[in-house]
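Student: Start counting the sequence shown at 12; every next residue gets the next number (my numbering). I have a structure here, written as structure tokens, and I will follow up with some questions on it.
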Amino acid sequence: MEQRSNVTEFVLLGLTQSPQGQKILFVIFLLIYTVTMVGNLLIVLTVVVSPTLDAPVYFFLGNLSFMDAVYSTTVTPNMITDLFYVRKTISFQACMIQLFTEHLFGGAEILLLVVMAYDRYVAICKPLHYMTIMNQWICILLLLLAWAGGFLHAITHILFFYNLPFCGPNVMDHFACDMYPLLKLACTDIRIIGFTVLANDGVISVVIFTLLLISYGIILRSLKNLSQEGRHKALSTCGSHITVVALFFVPCLFLYVRPPSTLPIDKYLAVFYTIVTPMLNPLIYTLRSGEMQNAMKKSLMKKTVT
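Here is the structure:
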């Protein structure tokens, strides 16, 4: 703790040092963040107010959109604000809070994707027992388990990084607090620590991604037992889920399933899964779901009439 007190803040280099480039990034990321918040909050509002979207799949979709909105908010507003400053800094405490919230919502979202895959498995492979298995209490329990898993994942990180000695330098080649850039600044041998982080994030990512691929493989193989209409609807829903899973996991696997190190491309991949993916998720789900589009239109028409 005495060593760590030498560093009270970190200096972030961001994505570019060019003033002109920062102005362009400000416009781009402000637009992305606006679309992210509008799209995700519109889905949350539609699921809450629409009586036709009472199925478990939409309950989980609404929670996924809420997580995406908050997950993006943990990083994007600070990043946009920093584009106005030549010297971008974040205090040690704020860095730890950002690291915690990012892994809380990111971990909960990963587990929620597993829950959504299970929901689709029950709906397609056990349709006659779907409402019995996926009743309201089970859905709430699965959601709470996802949140609990995300909290456990995040608290493990914060306890681990909070007690690392940081005695300088304090310049981080990133736009936000992330694990490997923080490890690079720690005044200790990061090899053992880095492999501990790899075991926590890398192994978890590989195991969950593999389970998701297996589960969707089983689901797709079961489609031959459905009618043509049911097969088309199931493919549309599963296609959306698989796309979201790929967008989230592929960058994470590249970042965390490798020996602990920092590469120049890391922060651009981090932009993709922390800023771009939360914007794409609502677009993917609404464009591929006729029920969601109809519910949104009805909600907007009611607002217009009133």
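Yeah, the Cβ is synthetic: ideal placement off N, Cα and C, and Gly gets one too.
Please report how far the alpha carbon of Val58 lies from the alpha carbon of Leu64, in whole angstroms.
Tutor: C-alpha separation (whole angstroms): 6 Å.
Student: At 4 residues or longer, what runs of the alpha helix (DSSP H) sit wholly inside the region 89 to 158?
Tutor: DSSP runs (the alpha helix (DSSP H)) wholly in the region 89 to 158: 103 to 136 and 141 to 144.
Student: Which partner residues of Glu20 appear in the DSSP bridge assignment?
Tutor: Per DSSP, Ser102.
Student: Please work out which residues of its chain come closer than 6 Å, Cβ to Cβ, to Val46, disregarding the five sequence neighbours upstream and downstream, and give them in chain order.
Tutor: Taken in chain order, the residues that qualify are Met290.
Student: Under the criterion of a Cβ to heavy atom distance below 6 Å, does Tyr129 qualify as lining the ligand MG?
Tutor: The model depicted lacks the ligand MG and carries no ligand whatsoever.
Student: Compare the Cα-Cα distances from Leu123 to each of Ala157, Tyr141 and Lys99 and report the closest residue.
Tutor: The shortest C-alpha separation from Leu123 is found at Ala157.
Student: Measuring alpha carbon to alpha carbon, tell me which of Asn174, Pro67 and Pro88 ends up nearest Leu41.
Tutor: Minimum Cα distance to Leu41 is reached at Pro88.
Student: Excluding five sequence neighbours on each side, which residues of the same chain lie with their C-beta closer than 6 Å to the C-beta of Leu264?
Tutor: Ser216.
Student: Nearest to Phe103 by alpha carbon, out of Gly161, Cys136, Leu72 and Val22?
Tutor: Nearest of Gly161, Cys136, Leu72 and Val22 to Phe103, Cα basis: Val22.
Student: Do Ile144 and Val126 have their beta-carbon atoms positioned less than 7 Å apart in this structure?
Tutor: It is not a contact, given that the beta carbons lie outside the stated cut-off.
Student: Buried or exposed, going by whether 16 or more other CB atoms sit within 10 Å of the CB of His140?
Tutor: Exposed, because fewer than 16 other Cβ atoms sit within 10 Å of the Cβ of His140.
Student: Taking the continuous alpha helix (DSSP H) assigned at Asn51, which residues delimit it?
Tutor: Where Asn51 is concerned, the enclosing alpha helix (DSSP H) stretches over Pro30 to Val60.
Student: Between Leu115 and Phe171, how many whole angstroms is the CB-CB distance? I'm expecting something under 8 Å.
Tutor: About 14 Å separates the two Cβ atoms, so there is no contact after all.
Student: Using the DSSP secondary-structure output, state which residues sit across from Met183 in a beta bridge.
Tutor: In DSSP, Met183 forms a bridge with Leu23.
Student: Keeping to the same chain, check which residues put their C-beta closer than 8 Å to that of Tyr284; ignore five residues upstream and five downstream.
Tutor: Result list for Tyr284: Leu258, Phe259, Pro262 and Cys263, in chain order.
Student: Once DSSP output is grouped into helix, strand and coil, what is the label at Phe177?
Tutor: Correct three-state label for Phe177: coil.
Student: CA-CA distance, Ile135 and Ile230?
Tutor: Roughly 7 Å between the two C-alpha positions.
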